[in-house]
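Encoded as structure tokens, the structure appears first; notes follow it.
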Amino acid sequence: MKKILIVLLSILLVFSLTSCGVKEKVEQKVGEKITEKVIEGVAGDKDTKVDIKDGTITFKSEDGEVTFGGTEWPDIDIIPEFNEGNIVAVMHDGKNSAMIVLEEVDKDDFEDYWEEINGEFSENVYEINTGDIVSFTGENSEKFIVQLTYEIANKTLTIVTSANE
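In the numbering used here, the protein residues as written are 142 to 306.
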């Protein structure tokens, strides 16, 4: 009888420990769904769908799709991937328009990337250097625009790409 009681208590303990993880996941999913519905209501468009998962928020409508969040380089092919620093924020429309914010970017790495981008985006160029911020905007032959903004003091690089419409 004592052994049966110990086995039953052990099983109960295992279930209570594993159910804690399940409970947290269920609470997280419920929270995501509630947030999605609130955002969809605020958008005011019944056709706009919101999906929250893995630290990203995706808005989908008949006009397209935009994703905010994440720390991965987006699927864009108009510029080469910048492999230095840490990606801290991403916004992507599922095409070639994106904004990527990176921290801990060394100035030399930024300048190397700037030279590479400057060669490909050599039309309608605008450059500025204030001593604190270096910014470059250029357009390529396919009418895509890229903007690089590097904040020297905090080593932050913001990359913005878009189609010139």
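No residue lacks a Cβ here, since even glycine has one placed at the ideal position from N, Cα and C.
Notebook entry, point to check: So, SER276 versus ILE269, is the Cβ gap smaller than 8 Å?
Noted result: Counting from 1 along the sequence shown, the entry for residue 276 is found at position 135. Counting from 1 along the sequence shown, the entry for residue 269 is found at position 128. Cβ distance < 8 Å, so SER276 and ILE269 count as in contact.
task = Would you give the residue range spanned by the alpha helix (DSSP H) that PHE251 belongs to?
result = Here residue 251 refers to the residue found at position 110 of the sequence shown. Unbroken alpha helix (DSSP H) run through PHE251: 248-261.
- Are the beta-carbon atoms belonging to LEU243 and THR302 less than 8 Å from one another? Your numbering for residue 243 matches position 102 in the sequence shown. Your numbering for residue 302 matches position 161 in the sequence shown. Judged by their CB atoms, LEU243 and THR302 are not nearer to each other than the 8 Å cut-off.
Looking at C-alpha atoms only, which residue of ALA230, ILE220 and GLY226 is the closest neighbour of GLY279?
-> Residue 279 sits at position 138 when you count from the first residue of the sequence shown. Measuring from the Cα of GLY279, the nearest candidate turns out to be ILE220.
Is DSSP giving GLY210 helix, strand or coil here? To locate residue 210, count along the sequence shown from 1; it is residue 69. It is a strand residue.
- Query: According to DSSP, what are the bridge partners of VAL229?
  - Reply: In the sequence shown, counting from the first residue as 1, residue 229 sits at position 88. The partner list for VAL229 (beta bridge, DSSP) is empty, contrary to what the question assumes.
Spatial distance of SER202 from GLY235 (CA atoms):
In the sequence shown, the residue the question calls residue 202 occupies position 61. In the sequence shown, the residue the question calls residue 235 occupies position 94. Between SER202 and GLY235, the alpha-carbon positions lie close to 12 Å from each other.
(request) Within the same chain, show all residues whose beta-carbon is closer than 8 Å to that of LYS248, passing over the 5 residues directly before and after it, in chain order. (result) Reading the sequence shown from its first residue, position 107 is the one you call residue 248. TYR291, ILE293 and LYS296.
Euclidean distance between Cα positions of GLN288 and GLU245:
The residue given as residue 288 occupies position 147 in the sequence shown. The residue given as residue 245 occupies position 104 in the sequence shown. Distance from the CA atom of GLN288 to the CA atom of GLU245, rounded to whole angstroms, is 19 Å.
* If you draw a straight line from the alpha carbon of GLU168 to that of VAL207, how long is it in whole angstroms? -> Indexing the sequence shown from 1 puts residue 168 at position 27. Indexing the sequence shown from 1 puts residue 207 at position 66. Note that GLU168 scores 45 on pLDDT, short of 50, meaning its location in the model is unreliable; the coordinates nonetheless yield the value given after this. Approximately 26 Å, taken between the alpha carbons.
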